[in-house]
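Residue numbers (this note's numbering), protein chains in the order written: chain A, 114 to 258; chain B, 33 to 216. Take a look at the structure set out below.
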């Protein structure tokens, strides 16, 4: 893949840094899933096609801040938490897509992240579902799921 | 008693004249047209409402990235994108960049973690540096009060204690995970 920065260390330690690719972008809304049923909007404001995967991640709390774990839940576990179709899609430049979702288990906290491989980076924009207990209670350190 | 009779007579006379003169009394609108200083309202036709369509407001974040490139130190113990690391390097060292546009508040943030190097020799230490932050296994920066993050440099660096502390010949690729959160 020519857009990936890479080092080629061949005989005699020949190294090659490939030029940077143009910026890629990916947007998602809303970032808080406030209702059990709703719509997720995904957009590609960049000038290149992007491939998106929608994955469910456990919530990690670090220093009072919630973020998504690095490893997504297995599909069979994710499907018990939220119904969303499709989970893989391709967005052409300037395109946006609206997907209906239904939270199946509102008692569990999780992140629903759009994941896009953009050259060097795996870009995620994450929407959080908070259980009723999480909405009313204080944040606790450690994994919430 | 006489005073009472006199008062009642005067009252009845006033009432009689009032009923006679009532058709001549000017309506308030006409009074307004003759007397600009007077308070009056004129209405022609029926009320017309103006409606506006609904607006759906949702928190949103768009992350943009551009790739950087990495090189290896001459003694092969470090692969990085940051030319500020000491030593002679082979390859083009350049930061990647991360930017974000959102309608979020300054509680929102962009986080970079999971710096990963794939190649012949595995890295035993992997770090990222986002913006003016220091090196670490992850980095994060808050979005501004306007919900944006200007293009911010992102560096990676990897070292190894394998293979006598030297990255062996081969092709190496670096990656990281960039995430946007509303911080709530």
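Every residue gets a Cβ at the ideal spot worked out from N, C-alpha and C, and that includes glycine.
_Using CA atoms only, rank isn't needed, just tell me which of A/230, A/215 and A/184 is closest to residue 259 of chain A._
As shown, chain A starts at 114 and ends at 258. That puts residue 259 of chain A outside it, with no answer to give.
*Which residues in the same chain have their Cβ closer than 8 Å to the Cβ of residue 109 of chain B, if we skip the five residues on either side of it in sequence?*
Counted from its first residue, the second chain places residue 109 of chain B at position 77. Closer than 8 Å at the Cβ level, and outside the excluded window around residue 109 of chain B, lie 191, 192, 197, 198 and 199.
*How many Å lie between residue 177 of chain B and residue 205 of chain B at the Cα?*
Counted from its first residue, the second chain places residue 177 of chain B at position 145. Counted from its first residue, the second chain places residue 205 of chain B at position 173. Approximately 35 Å, taken between the alpha carbons.
*For residue 83 of chain B, name the three-state secondary structure that DSSP assigns.*
One-based indexing of the second chain puts residue 83 of chain B at position 51. DSSP places residue 83 of chain B in coil when its eight states are reduced to three.
*Taking the alpha carbon of residue 165 of chain A as the point to measure from, which residue in A/138, A/246, A/148 and A/196 has its own alpha carbon closest?*
Taking the first residue of the first chain as position 1, residue 165 of chain A is located at position 52. Of the candidates A/138, A/246, A/148 and A/196, the one whose C-alpha sits nearest the C-alpha of residue 165 of chain A is A/138.
*If we count the other Cβ atoms within 10 Å of its Cβ and call it buried at 16 or more, is residue 147 of chain B buried or exposed?*
For the purposes of this step, residue 147 of chain B is taken as residue 115 along the second chain, with counting starting at 1. Buried.
*Count the CB pairs spanning the segment 115-124 of chain B and the segment 141-155 of chain B that are closer than 8 Å, and state whether there are at least three.*
no
*asked:* Within 10 Å of its beta-carbon, does residue 139 of chain B have 16 or more other beta-carbons around it, so buried, or fewer, so exposed?
replied: Position 107 of the second chain, counting from 1, holds the residue named residue 139 of chain B. It is exposed - the Cβ of residue 139 of chain B has fewer than 16 other Cβ atoms within 10 Å.
*asked:* So the candidates are B/173, B/182 and B/103; which of them puts its Cα closest to the Cα of residue 202 of chain B?
replied: Residue numbering aside, residue 202 of chain B sits at position 170 when the second chain is read from its first letter. Residue 202 of chain B has its Cα closest to that of B/103, out of B/173, B/182 and B/103.
*C-alpha gap between residue 248 of chain A and residue 76 of chain B, whole angstroms*: As a first step, residue 248 of chain A is located in the first chain; it is residue number 135 there, counting from the start. As a first step, residue 76 of chain B is located in the second chain; it is residue number 44 there, counting from the start. One C-alpha to the other measures close to 54 Å.
*asked:* Measuring straight from C-alpha to C-alpha, what distance separates residue 99 of chain B and residue 174 of chain A?
replied: For the purposes of this step, residue 99 of chain B is taken as residue 67 along the second chain, with counting starting at 1. For the purposes of this step, residue 174 of chain A is taken as residue 61 along the first chain, with counting starting at 1. Going from the Cα of residue 99 of chain B to the Cα of residue 174 of chain A covers about 29 Å.
*Would you call the segment 179-187 of chain A and the segment 139-159 of chain A in contact, with 3 or more CB pairs under 8 Å?*
no
*Whole-angstrom Cβ separation of residue 227 of chain A and residue 167 of chain A, contact assumed at under 8 Å?*
Looking up residue 227 of chain A in the first chain gives position 114. Looking up residue 167 of chain A in the first chain gives position 54. That belief holds up - the Cβ atoms of residue 227 of chain A and residue 167 of chain A are roughly 6 Å apart, short of 8 Å.
*Report yes if the C-beta distance between residue 169 of chain A and residue 153 of chain A is below 7 Å; otherwise report no.*
Numbered from its first residue, the first chain carries residue 169 of chain A at position 56. Numbered from its first residue, the first chain carries residue 153 of chain A at position 40. No.
_Using the Cβ count rule (16 or more neighbours within 10 Å means buried), how would you classify residue 150 of chain A?_
By 1-based counting over the first chain, the position of residue 150 of chain A is 37. Label assigned to residue 150 of chain A: exposed.
*Check whether the Cβ atoms of residue 242 of chain A and residue 146 of chain A sit closer than 7 Å, and answer yes or no.*
By 1-based counting over the first chain, the position of residue 242 of chain A is 129. By 1-based counting over the first chain, the position of residue 146 of chain A is 33. The answer is yes: Cβ separation under 7 Å.
_Beta-bridge partners of residue 191 of chain A, as assigned by DSSP_ = Residue 191 of chain A sits at position 78 when you count from the first residue of the first chain. DSSP lists no partner for residue 191 of chain A.
_Please classify residue 224 of chain A as buried or exposed, where buried requires at least 16 neighbouring CB atoms within 10 angstroms._
As a working mapping, residue 224 of chain A is identified with position 111 in the first chain. Classification of residue 224 of chain A: buried, given that the 10 Å Cβ count is 16 or more.
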